[in-house]
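Using the numbering used here, you'd call the opening residue of the sequence shown number 3 and step up by one each time. In this text, a Cβ means the ideal position worked out from N, Cα and C, and glycines have one as well. Worksheet for the structure shown next.
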Amino acid sequence: MSETAMRDAERRGAPDAPPIMPVLPEGVGLSLDEVRALIEQRNHVRIEADDPILVALTIANAHLTAVERLHQLHRKALTELMSRETATHTESVAKNVAALSEKLSGVTVENIGHVVTQFQSALASFRTTLLICTGLALFSALLMLGAAWWRA
């Protein structure tokens, strides 16, 4: 019988013994077993599965879950904002080009039309690049948050 099992059996027999804590649920961060192994490896201290200190891990994992939900909301809002602003800008450019096309001669209009088409293509590419950069910035912010939490 393991040492933990023997202590649990002793506690159950004691009349005023505190109730035995069930294994805590795991969240998005490190699992309870990973934290116990890490503490044992780095600090040479063995943490039992029912140790109350593991409640802090559960709280931290709940916080990480809430932060992840918040980041998803921010990501969605930022994507909508960037899409709306880019669409508005593209429409404005298209209107200005249409107005300019009416005023200029046929040859110049064709040349400008070609330039505008290239510009719209570059603008679409810029929008895609901007969304990718926004995603990368958000991802690196999450990595830094995770690294800060890991070191804490």
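Query: For a test of the three-state rule: what should DSSP assign to residue 154, helix, strand or coil?; Result: coil
Query: Hey, does residue 50 have any beta-carbon neighbour from chain B nearer than 7 Å?; Result: The chain inventory of the structure shown lacks chain B, comprising one protein chain alone.
Query: In this structure, how does DSSP classify residue 69 when only helix, strand and coil are distinguished?; Result: helix
Query: Are the beta-carbon atoms belonging to residue 129 and residue 88 less than 7 Å from one another?; Result: yes
Query: Tell me whether residue 132 is buried or exposed, calling it buried when 16 or more other Cβ atoms sit within 10 Å of its Cβ.; Result: exposed
Query: How long is the line joining the alpha carbons of residue 48 and residue 38, rounded to whole angstroms?; Result: 7 Å
Query: Comparing C-alpha positions only, which one of 70, 78, 74 and 33 sits nearest to residue 57?; Result: 33
Query: So residue 31 and residue 66 are supposed to be a Cβ contact under 8 Å. How far apart are they, rounded?; Result: 5 Å
Query: How is the alpha helix (DSSP H) around residue 32 delimited, first residue to last?; Result: Here residue 32 belongs to no alpha helix (DSSP H), and DSSP marks it neither H nor E.
Query: Just to confirm, are residue 77 and residue 140 a CB contact at a threshold of 7 Å?; Result: yes
Query: Which of the three DSSP states is assigned to residue 173 in this structure?; Result: With the chain represented from 3 up to 154, any question about residue 173 goes unanswered, as that position is not in the structure.
Query: Nearest by alpha-carbon distance to residue 96: which of 42, 64 and 119 is it?; Result: 119
Query: Does the Cβ of residue 138 have 16 or more other Cβ atoms within 10 Å, making it buried, or fewer, making it exposed?; Result: exposed
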